[in-house]
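**Student:**
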Amino acid sequence: MQRETLILGLNPAWQRLFVVDKFTPGTVHRLPRAQEYASGKGINCGRVLQHLGGNPVLMHFLGAENGTRIFDELSANGVQQAPVWIHEPTRVCTTIVCDGDTTELIEPSPVLAEAENNDFIQTLNNYWHTTQCVALCGSFPQGFDVDLINSLDFTGKAVFIDAINNIDAWLEKGVELLKINSLEYSKLLERMGIPQVKSSPQFWKMTAMAVLERLPIRNLVITDEDAPVRAFRFVEKKFQGLQLQPPEIQVKNDIGAGDSFFAGWLYADAEGLSFEECLVKATAVAVARCEVDRPWNLDLKRVAELEESLAPALEKLGD
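Just so you know, we're using my numbering here: the sequence shown kicks off at 2 and counts up by one.
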């Protein structure tokens, strides 16, 4: 069995999904019955990781009826959970998918009370000392006391991050992976005061080197929708960069593609795969996810097919 991975997906949502043939803003639509299910970055990542053969434990804030729905659905599917129950209801995310395009309407997150922050850290401490692998997925709810996790001891922990806000203290302690999209990467560069001359052919090499020289990040990965996925690291003080262009496919639903990529990397890392193999596996999982209705319904045989075709397409960056 794979190592246990504690997934901090602290801002879940109850998903309402409408798939329509035509969507025109400003007009009346007679929508089909919504598909409803548990969602959010941590949930998507955890369920894909479980589907791949991983061993996730999902920690999240759950409130009111929507929170109960999420807990019951994940329990029925065998996902281990460490819920922190709160007074305010879990938010709803309403998504409209039309011809491969996605429109999302996301409610504000619940506001945590001081007692709920205290419940969180007590629950987290029940797992922290025995957990070797921690994955942080997405944003925090309103009122979340970030200092509670910034003060944690990371000694002996392999930490993986798919987030951008309030993560600086974690990055400074050292992480195995920071996986962000291109917009989030721009935010990180701005925060670090790194110039962004995107017209330069050396943009990716120079900025990634600057980030990795300043922060103890072992692997830095930037996704960019249909553009190449780019991954960077230092190996024995030598900079290494790779990029991988995802293939063109018929997109059925791309919600959670980045979460699926993250799950694919977590699984590959736990299997002891190389830097290159992790990138190929994660990209294949993300692509396969977009071909099906929900992230955890991806076809594992399709993932294997994509890995075989993507491996020769790896390109070096930074030479």
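Heads up, the beta-carbon is just placed ideally off N, CA and C, and yes, glycines get one too.
On a CA-only basis, which of E105, H88, L179 is nearest T96? Give me that one, please.
**Tutor:** E105
**Student:** Would you mind working out which of F161, W266, A39, E309 sits nearest D73, comparing C-alpha positions?
**Tutor:** A39
**Student:** Could you give the residue range of the beta strand (DSSP E) that holds G64?
**Tutor:** 56-64
**Student:** What's the call for A269, buried or exposed, on a 16-neighbour Cβ count within 10 Å?
**Tutor:** buried
**Student:** Can you tell me which of the three DSSP states Q123 falls into?
**Tutor:** helix
**Student:** Could you tell me the boundaries of the alpha helix (DSSP H) in which G43 lies?
**Tutor:** 42-53
**Student:** Tell me N220's beta-bridge partners as DSSP assigns them.
**Tutor:** L178
**Student:** Specify the secondary structure class of E278 as computed by DSSP and reduced to three states.
**Tutor:** helix
**Student:** Starting from the N-terminal side, write out each stretch of the beta strand (DSSP E) that is 3 residues or longer and does not extend beyond the region 96-151.
**Tutor:** 102-107, 134-138
**Student:** Taking the CB atoms as reference points, tell me whether G64 and P111 lie closer together than 7 Å.
**Tutor:** yes
**Student:** Mind reading off the beta-carbon distance from V187 to Q197? Whole number of angstroms is fine, and I expect it under 8 Å.
**Tutor:** Reading off the sequence, residue 187 comes out as Ser, not Val. About 6 Å; that satisfies the 8 Å criterion.
**Student:** Output yes or no for whether 7 Å exceeds the beta carbon distance between R234 and Q241.
**Tutor:** yes
**Student:** Go through its chain and collect everything with a Cβ distance to L7's Cβ below 6 Å, but skip five positions before and after it.
**Tutor:** V58, Y128, T132, V135
**Student:** Label S152 either buried or exposed according to how many other C-beta atoms from any shown protein chain fall within 10 Å of its C-beta, with 16 as the threshold for buried.
**Tutor:** S152 is exposed by the Cβ-count criterion.
**Student:** Do L179 and I162 have their C-beta atoms within less than 7 Å of each other?
**Tutor:** yes
**Student:** On the DSSP bridge assignment, give the partners of F155 in chain order.
**Tutor:** Its beta-bridge partners do not exist; DSSP assigns none.
**Student:** Would you kindly work out how many angstroms separate the C-alpha atoms of A14 and E89, rounded to a whole number?
**Tutor:** 13 Å
**Student:** Can you tell me the Cα-Cα spacing of E191 and L32, whole angstroms?
**Tutor:** Spanning the two alpha carbons is a distance of roughly 41 Å.
**Student:** In chain order, what residues of the same chain have a beta carbon less than 6 Å from the beta carbon of L53, not counting five sequence neighbours either side?
**Tutor:** Cβ-Cβ distances below 6 Å link L53 to Y268 in the same chain, with the five nearest sequence neighbours on each side left out; the list follows chain order.
**Student:** F24 by DSSP, collapsed to three states: which one?
**Tutor:** coil
**Student:** Measuring only the C-alpha atoms, how far is L307 from Q16?
**Tutor:** 28 Å
**Student:** Would you be able to state if there are at least three C-beta pairs under 8 Å between the region 249-268 and the region 202-210?
**Tutor:** no
**Student:** Among T156, I87, E108, which one has its Cα closest to the Cα of V93?
**Tutor:** E108
**Student:** Looking at E277: is its Cβ nearer than 7 Å to the Cβ of L318?
**Tutor:** Result no, Cβ atoms of E277 and L318 do not sit closer than 7 Å.
**Student:** DSSP three-state label for D255, please.
**Tutor:** In this structure, D255 counts as coil in the three-state DSSP scheme.
**Student:** Are N166 and V147 closer than 7 Å when you measure CB to CB?
**Tutor:** no
**Student:** Would T91 be called buried (16 or more neighbouring beta carbons within 10 Å of its own) or exposed?
**Tutor:** buried
**Student:** Which term fits K23, buried or exposed, when burial requires 16 or more other beta carbons within 10 angstroms of its beta carbon?
**Tutor:** exposed
**Student:** Can you tell which of G43, N56, V98, C279 has its C-alpha closest to the C-alpha of Q36?
**Tutor:** V98
**Student:** Measuring straight from C-alpha to C-alpha, what distance separates C85 and F121?
**Tutor:** Sequence check: residue 85 is Val here, not Cys. Spanning the two alpha carbons is a distance of roughly 6 Å.
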